[in-house]
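S.K.: The opening position of the sequence shown corresponds to residue 1 in UniProt numbering, with each subsequent residue numbered one higher.
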Amino acid sequence: MTPDEFIFKLKSLPPDTTLTPYHLIAVLETISHSMGRGEDDIDSYPDSKLISEESLAEWIDESISTLQKWRVSGKGPKFIKKPKNIAYRVGDVREWLDNLTVASTAESHVRLHRLEGIFDAKFFPPTPLIICSSQAEPMPFFDSLTAPPEAVEGFILDYVEHYSTPEENLAAWLYNKMGSASLADLHKPMKEALANGANPNRKAKRVIGENLVEFSVADLLATFKGTDFGFGEFVYLLLDHDLDVSDVKDPSVQLMQAVNAHHLHHKLQSTLPQKPPQS
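(1) Let me make sure I understand the geometry here. Which of Ile60, Met190, Val207 has the alpha-carbon closest to that of Pro125?
(2) Contact check, Leu67 vs Gly76 under 8 Å by CB: the rounded distance?
(3) Among Asp47, Gly209, Asn196, Met256, which residue has its Cα nearest to the Cα of Asp219?
(4) If you follow the alpha helix (DSSP H) that Asp158 is part of, which residue opens it and which one closes it?
(5) Could you have a look at Val245 and say whether DSSP puts it in helix, strand or coil?
(6) Ends of the alpha helix (DSSP H) at Arg94?
(7) Do the segment 44 to 60 and the segment 163 to 182 make contact, defined as three or more Cβ pairs closer than 8 Å?
(8) Pairs of beta-carbons, one from the segment 81 to 91 and one from the segment 125 to 134, closer than 8 Å: are there three or more?
(9) Compute the Euclidean distance between the alpha carbons of Ala151 and Ser144, then round it to the nearest angstrom.
(10) Keeping to the same chain, check which residues put their C-beta closer than 7 Å to that of Asn169; ignore five residues upstream and five downstream.
(11) Output needed for Ile156: all residues of its chain with C-beta closer than 8 Å, excluding positions within five of it in sequence on either side, in chain order.
(12) Within a Cβ cutoff of 7 Å, which residues of the same chain sit near Ser52, ignoring the five residues on either side of it in sequence?
(13) Looking at C-alpha atoms only, which residue of Pro140, Thr18, Leu212, Ser48 is the closest neighbour of Glu95?
(14) Opposite Phe123 in the DSSP bridges: which residues?
(15) Identify whether Arg202 lies in helix, strand or coil by the three-state DSSP scheme.
(16) Is it true that the CB of Ala258 sits closer than 8 Å to the CB of Val235?
(17) Could you have a look at Leu13 and say whether DSSP puts it in helix, strand or coil?
(18) I need the boundaries of the beta strand (DSSP E) containing Phe215, first residue and last residue.
(19) Rounding to the nearest angstrom, what Cα-Cα distance links Ser65 and Lys249 in this structure?
(20) Hey, His241 and Pro189: beta-carbon distance below 8 Å or not?
(21) Go ahead and pull the three-state DSSP assignment for Pro21.
(22) Ala171 and Phe215: beta carbons closer than 8 Å?
(23) How would you write the range of the beta strand (DSSP E) that Ser52 sits in, first residue to last?
(24) Does the beta-carbon of Val253 have 16 or more other beta-carbons within 10 angstroms, so that it is buried, or is it exposed?
(25) Following a CB-centred definition, is Ala261 positioned closer than 7 Å to any heavy atom of the ligand MG?
(26) Could you tell me which residues DSSP puts in a beta bridge with Ala87?
(27) Give me whichever residues DSSP pairs with Val207 in a beta bridge.
(28) Quick one, are the C-beta atoms of Glu167 and Ala193 less than 8 Å apart?
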């Protein structure tokens, strides 16, 4: 789901909902990433703009002492020594970031910035996944609220590629919608997107913790849990538009039943005699 949808669902929780300290920290972290800075956002500054040492430290999520060490060693961006302070030109910082090699791609704004540059993609501000001792994989935030508080061990942030329309990337669009709407409700916009040329097999990217993960629409449907009476028709629609499920690892029984039913339906149709056209 998108950050706005996350915050909306958060506000809709019952007042007696139990939140562990990890849940609270995850909420604060998510909200801090989702709050825009408007005109004060350095990303919108022209290259010629000068910024202070403090502003640069906040921008790239590093301490002032680290910037000072970089100036001595020559590892940091170019700087301008003024009579009373140090200044940095925004364009010089951007150039330095573009040439920077970063091992970890999801620990800070800078690392995410580098990831966007590498893959020529934009990512939503993050939503949290909760780590529970009772589950092998991190759980979506709201699903984790049913887990025993003592099982909650931490959280990681989940960044998903952002596109303006579902036609650009169905997998990214579906990932953000599945947590907040039924598949029956998504049938119509999915049908329209496919009619407009959307590719059901194009993969999207997520950054989970420090790991980059590629996923497809088929991958999402393979891991779908719960009861949704629109699941079958939703899968049929995608299969009619050449959804490829051959590369899905460990598909759910629910998905395979829908795929097999779809194949059987078309096989039976091909064996039935065709009615002659009425005159």
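Glycine included, each C-beta is placed from N, C-alpha and C at the ideal position. These figures come from a predicted structure and were not determined experimentally.
M.R.: So, from the listed chains and residues:
(1) Val207
(2) 6 Å
(3) Met256
(4) Taken as a continuous stretch (DSSP letters only), Asp158 belongs to no alpha helix (DSSP H), being part of the beta strand (DSSP E) at 152 to 162.
(5) coil
(6) 90 to 98
(7) no
(8) no
(9) 10 Å
(10) Glu161, Tyr163, Arg202, Ala204
(11) Pro128, Leu129, Ile131, Pro138, Ile208, Gly209
(12) Asn85, Ala87
(13) Ser48
(14) Glu161
(15) coil
(16) yes
(17) coil
(18) 211 to 215
(19) 47 Å
(20) no
(21) helix
(22) yes
(23) 50 to 52
(24) exposed
(25) Absence of the ligand MG from the depicted structure is noted, as is the absence of any ligand whatsoever, leaving it without description.
(26) Ser52, Ile80
(27) Tyr159, Leu212
(28) yes
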